[in-house]
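Quick note: the sequence shown, position 503, residue 503 per UniProt numbering, numbers continuous. Everything on this sheet refers to the single structure shown next.
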Amino acid sequence: MDQLLTSAQIRATETAAMAAGDVTGLDLMERAGAGVVDAVFSTWPGLKAGGEAWVLAGPGNNGGDGYVIARLLDGRGWRVTVFALGDPARLPPDASANHARWAELGETRTLAALPEATGQPALIVDALFGTGLTRDLPDEVRRALAGVAEVARDGATRVVAVDIPSGLCADSGRRRGCDLPADLTVTFHSAKPGHFLADGPEICGALRVVDIGLRSDPGPEVLRLTSAPPRRVVHKSGGHKYNHGHVLVLAGGPGRGGAARLAARAALRVGAGLVTLGPTPDALGENAARLDAVMLAPVADAPVLARILDDSRLNALCLGPGLGHERARDLVPVVLAARRATLLDADALSAYSGTPSALFDHLHPACVLTPHDGEFAWLFPDLADRLAAPPGDGAAFSRLDAARAAARRAGCTVLLKGPDTVIAAPDGRAVLNAASYERAAPWLATAGAGDVLAGLIAGLLARGLAPVNAAALAAWLHVEAARGFGPGLIAEDLPEALPGVLRGLKD
Ligand SMILES: NC(=O)C1=CN([C@@H]2O[C@H](COP(=O)(O)OP(=O)(O)OC[C@H]3O[C@@H](n4cnc5c(N)ncnc54)[C@H](OP(=O)(O)O)[C@@H]3O)[C@@H](O)[C@H]2O)[C@@H](O)CC1
Ligand SMILES: Nc1ncnc2c1ncn2[C@@H]1O[C@H](COP(=O)(O)OP(=O)(O)O)[C@@H](O)[C@H]1O
Ligand SMILES: [K+]
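Structure follows, in structure tokens:
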């Protein structure tokens with residue numbers, strides 16, 4: 001399942017299932033605990049032989065899962081010690097029932113006793129806090145986790161986190177005192193945004209999602225992961241070149257054309273019928289020497305551009321890479337007045353640093369903004385401040401919250417770049433293109449990768465995709481192209497790797 005449920009959404013899903021009489025909380029807890037044990041043994045078959053396990057059990061239902069796991073491991077012949085946080089008498093009902101069952105089988109010590117624990121466990125189960133984390137971890141818990149992390153640093157110990165590593169915010173992936181990184185995180189029903197956003201992937205280790213028999217339909221605003229599109233979305237089924245759109249990539253002056261050329265080549269590779277590059281007249285020659293299939297049109301200034309845009313077949317524009325701030329401030333208003341599908345990146349965004357409303361006043365729903373974190377902070381300083389500030393009580397403000405708020409304010413699609421790229425539409429729809437876990441693509445951290453992404457989006461806009469869909473699909477293709485090429489990737493390789501990705505799509 002590609003939907004990511006927040007803490008509130010998973011709680012609502014669980015509550016609805018129980019209210020409908022489909023399942024009891026105890027059933028869910030048993031399935032969750034059993035799912036963790038199965039995932040541990042399938043990930044590390046060597047552990048089936050048994051050994052010593054420490055289970056860290058918290059004061060809520062995450063702790064309840066921990067007591068189930070303790071019992072199941074005990075049943076498989078493991079030597080299990082539970083280290084509990086909080087007064088067991090105050091556990092919620094299902095966790096309390098599982099604590100009672102465990103108490104008949106084995107030992108429970110307090111978390112404070114952890115520093116005196118000796119031995120080298122083969123498995124540490126982190127069941128202190130899950131989706132109920134509401135604030136930073138207290139210092140004594142942080143110290144206990146850091147101590148356990150020290151024990152686990154010995155390569156023979158595996159750490160499995162139940163639902164989410166304790167201290168990681170399930171909604172934002174931000175650390176709230178998260179001092180025990182996991183080797184494996186096992187979550188239930190669906191992954192949570194925090195597994196993919198911000199620090200989540202680094203802390204979670206590997207990620208497994210276990211089906212515990214819940215069903216959910218959280219509505220159109222639920223966050224989804226990007227996924228492979230059906231072949232028909234990007235393959236050409238006929239028509240002539242003008243049926244597939246014409247992109248105009250505006251470029252800068254002499255010596256500044258590389259970024260725009262990368263974008264233009266990406267737009268052509270992703271299937272735009274025609275792509276024209278528009279540099280300043282004095283940069284025409286050098287660009288001509290580097291381009292074949294991409295056409296050239298000199299764009300001296302705003303009036304020239306306005307005349308070029310009289311041709312309504314130019315249906316998508318790409319501005320920003322290598323444009324220069326002065327030229328951006330000159331050309332962006334003309335482009336936005338033409339109300340075409342428009343991709344704004346790089347200089348077309350940073351030119352409005354300090355004066356973002358001068359940009360926002362002219363944006364329209366067919367626009368896509370693709371800021372990296374720095375550009376985002378220039379355009380949306382208050383949102384960037386909230387992302388940087390220590391979180392208060394409740395779920396921490398996330399990159400998803402930030403991108404959604406930005407899209408609402410700008411009135412168009414915003415793609416916030418990173419290994420956790422969030423794409424948000426002004427109506428609240430959002431997609432996450434996660435380059436983590438098996439989709440990790442660290443090679444994308446290379447100069448010009450963002451210019452290629454801009455071109456891919458512009459190309460898909462020209463082909464008629466809606467802005468949010470064009471941005472999400474381009475982000476997915478971008479990561480797949482990088483993964484297909486692998487180490488040694490430079491930005492020029494991305495458009496060349498694209499045909500292989502497109503060929504691999506299924507119906
Ligand atoms: N949903 C599902 O489908 C299923 C969910 N299941 C499991 O339930 C888990 C969610 O359980 P949960 O809601 O009881 O929350 P949990 O994470 O145990 O923590 C709550 C406790 O921690 C406390 N507390 C919070 N922050 C704190 C802090 N910083 N420092 C100190 N204390 C803090 C908080 O106290 P309070 O805020 O009330 O004062 C409360 O006592 C979920 O992750 C999954 O493992 C499965 O069993 C089956 C299906
Ligand atoms: N470590 C990473 N893993 C995955 N993607 C990354 C990583 N670092 C950067 N990227 C991606 O590479 C692109 C970089 O864009 P940008 O910051 O605009 O760089 P440039 O201006 O050099 O083109 C973005 O699409 C971003 O999501
Ligand atoms: K946990």
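Ideal Cβ positions, reconstructed from N, Cα and C, are used throughout, including at glycine.
Spatial neighbours of residue i in its chain, beta-carbon cut-off 8 Å, leaving aside the 5 residues before and after
i: L47; result: V40, F41, A122, L123, R158
i: A491; result: L262, T446, A447, G448, A449, D451, V452
i: D154; result: Q120
i: R339; result: H364, A366
i: R232; result: D507
Beta bridge counterpart(s) of residue i as assigned by DSSP
i: D420; result: A434
i: T280; result: Looking at the DSSP assignment, T280 forms no beta bridge with any residue, so it has no partner.
i: L248; result: T276, L317
i: V332; result: DSSP lists no partner for V332.
i: M18; result: DSSP lists no partner for M18.
i: A84; result: A57, T110
i: C367; result: T342
i: R175; result: L168
i: R79; result: E52
i: L123; result: A53, R158
i: F188; result: V210
Closest residue to residue i among the options (Cα-Cα distance)
i: E286; options: A113, T276, G258, A264; result: G258
i: residue 520; options: G21, P279, W443, V299; result: Beyond the ends of the chain as shown, which are 1 and 507, falls residue 520; an answer cannot be given.
i: M29; options: A263, G60, V468, W54; result: G60
i: L274; options: G459, H372, G86, P495; result: G459
i: D183; options: R175, L349, V162; result: V162
i: L319; options: D385, I308, G252; result: G252
i: G86; options: L73, A410, L268, G58; result: G58
i: A191; options: G484, L432, Y242; result: L432
i: F380; options: V334, R231, F360; result: F360
i: R176; options: A338, T187, H189, G194; result: G194
i: G106; options: L128, L505, L72; result: L72
i: L128; options: P115, D139, L111; result: L111
i: A481; options: A474, A472, L494; result: L494
Closer than 8 Å: residue i CB and nearest ligand 3 heavy atom
i: S166; result: yes
i: G77; result: no
i: F129; result: yes
i: D163; result: yes
i: D126; result: yes
i: G58; result: yes
i: N98; result: no
Same chain, Cβ closer than 7 Å to residue i, neighbours up to 5 away in sequence not counted
i: R31; result: I212, G213
i: P220; result: R429
i: P487; result: W443
Residue i CB to nearest heavy atom of ligand 2 below 8 Å
i: P419; result: yes
i: G484; result: no
i: H325; result: no
i: V479; result: yes
Cut-off 6 Å between Cβ atoms - residues of its own chain near residue i, not counting five sequence neighbours on either side
i: residue 508; result: This structure leaves residue 508 out entirely; the chain is present only between 1 and 507.
i: L343; result: C318, V368, A454, I457, A458
i: H99; result: Y67, P88, L91
i: P356; result: L379
Any non-hydrogen atom of ligand 1 within 8 Å of residue i CB
i: V159; result: no
i: A395; result: no
i: I423; result: no
i: I69; result: no
Minimum Cβ-Cβ distance from residue i to chain D less than 9 Å
i: K236; result: You won't find chain D in this structure, because it holds only one protein chain.
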